[in-house]
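Notes follow once the structure below has been shown.
Number of protein chains: 2
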Amino acid sequence: MLTTTFGALADPTRLAIVGRLSRGAATMGELAEPHRITPPAMTKHVRVLVDAGLVHRRRVGRTVVCTLRPEAISEVQQWLGDLTTYWNSTVDRLEELLREDGDGH
Amino acid sequence: MLTTTFGALADPTRLAIVGRLSRGAATMGELAEPHRITPPAMTKHVRVLVDAGLVHRRRVGRTVVCTLRPEAISEVQQWLGDLTTYWNSTVDRLEELLREDGDGH
DNA sequence: AGGACACTTCACCATTTGGTGAAGTATTGC
DNA sequence: GCAATACTTCACCAAATGGTGAAGTGTCCT
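These protein sequence lines map, in sequence, to chains Z and D. Using my numbering, the first residue of the first sequence is number 877, and each one after it goes up by one. Using my numbering, the first residue of the second sequence is number 877, and each one after it goes up by one.
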């Protein structure tokens with residue numbers, strides 16, 4: 877569900893995790909390091925991201941390596957595309973927006 | 877804050893409201909109609925969207941007309957753009973993703 | 001003025017969320 | 001085997017969230 881994806885991104889720690897993972901894979905410890913957060917909290921955050929389909933988790937030795945799953949992101953891109961298509965499709969809409977920006981309250 | 881925007885979109889009712897508003901302005905009553913929800917609940921949902929900068933609310937007679945504010949949406953578009961730029965910038969990254977998709981656990 | 005209409009504000013409630021410390025599990029290295 | 005490492009699971013807590021009914025506010029209509 878798209879709302880699940882947005883929910884996963886609605887937290888500063890998790891948004892930072894996604895940002896970090898966009899630069900490459902990282903272990904739980906590496907992800908936790910810049911956030912002054914306990915291991916259980918990090919486990920929870922990553923689980924939310926995994927449940928939303930944004931992150932892939934796999935065991936490597938005694939560490940757990942996380943990677944980003946671009947598929948989930950492209951779902952958001954799709955939604956954004958559909959959304960903007962609607963209001964760009966009519967000039968009336970644009971005129972309406974301009975008019976409404978004009979008046980004070 | 878971007879997390880506030882995502883938080884506002886992390887609810888099915890509010891996501892539907894945004895979808896509805898992308899087709900044009902609507903009053904609170906019109907927004908509530910398809911959702912079997914009480915007026916106080918709708919007021920709360922719209923406030924969350926207004927606080928996130930996604931929606932503009934103005935009084936027209938005894939109704940309240942809501943419109944979408946594209947600026948907040950474009951902030952999300954910006955973030956998505958930055959994110960995908962990172963992992964598309966290196967071929968190594970793509971290879972890494974393919975390798976990791978390959979193995980089972 | 002007074003009633004109807006379209007919300008909003010005000011408690012209030014149940015559930016979810018983000019956090020913790022303590023205990024448990026899997027893996028590495030001596 | 002045993003200690004250390006790297007998490008995870010397990011209660012548990014405080015705060016936020018999404019919902020409600022009841023009462024309040026502003027606007028239109030007669």
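The beta carbon of each residue, even a glycine, is placed where N, CA and C say it ideally should be.
Item: From T880(Z) to V952(Z), what does the alpha carbon distance come to, in whole angstroms?; Value: 11 angstroms
Item: Using a cut-off of 7 angstroms between C-beta atoms, extract the partners of A886(D) located in chain Z.; Value: T879, F882, G883, A886
Item: Mind checking whether V940(Z) and M904(Z) have CB atoms under 8 angstroms apart?; Value: yes
Item: Helix, strand or coil: which one does DSSP assign to L930(D)?; Value: coil
Item: Can you name the start and end residues of the beta strand (DSSP E) that T939(Z) belongs to?; Value: 939-944
Item: DSSP on R896(D), reduced to helix/strand/coil?; Value: helix
Item: Would you call the CB atoms of V926(Z) and R935(Z) closer than 8 angstroms?; Value: no
Item: With distances taken Cα to Cα, identify the nearest neighbour of T961(Z) among L891(D), L885(D), S898(D), V894(D).; Value: S898(D)
Item: Measuring CB to CB, does A908(D) end up less than 8 angstroms from A886(Z)?; Value: no
Item: Put T914(Z) into one of helix, strand or coil per three-state DSSP.; Value: coil
Item: Using a 10 Å radius around the Cβ and a threshold of 16 neighbouring Cβ atoms, would you call G883(Z) buried or exposed?; Value: buried
Item: I need the DSSP call for A908(Z), collapsed to helix, strand or coil.; Value: helix
Item: Give the straight-line distance between the Cα atoms of H911(Z) and V931(D), rounded to the nearest whole angstrom.; Value: 32 angstroms
Item: With a threshold of 16 other CB atoms inside 10 Å of the CB of R938(D), please say whether the residue is buried or exposed.; Value: exposed
Item: What are the partner residues of E902(D), as DSSP defines its beta bridges?; Value: Before going further, note that residue 902(D) is Ala rather than Glu in the sequence given. According to DSSP, A902(D) bridges with C942(D).
Item: I'd like the span of the alpha helix (DSSP H) that includes A884(D), first residue to last.; Value: 878-885
Item: Would T960(D) count as contacting chain Z if we go by Cβ distances under 8 angstroms?; Value: yes
Item: Indicate the three-state DSSP secondary structure (helix, strand or coil) for G980(D) in the structure shown.; Value: At G980(D) the pLDDT is 41, less than 50, meaning the model places this residue with poor confidence; the figure from the coordinates comes in the next sentence. Correct three-state label for G980(D): coil.
Item: According to DSSP, simplified to helix, strand and coil, what is R923(D)?; Value: helix
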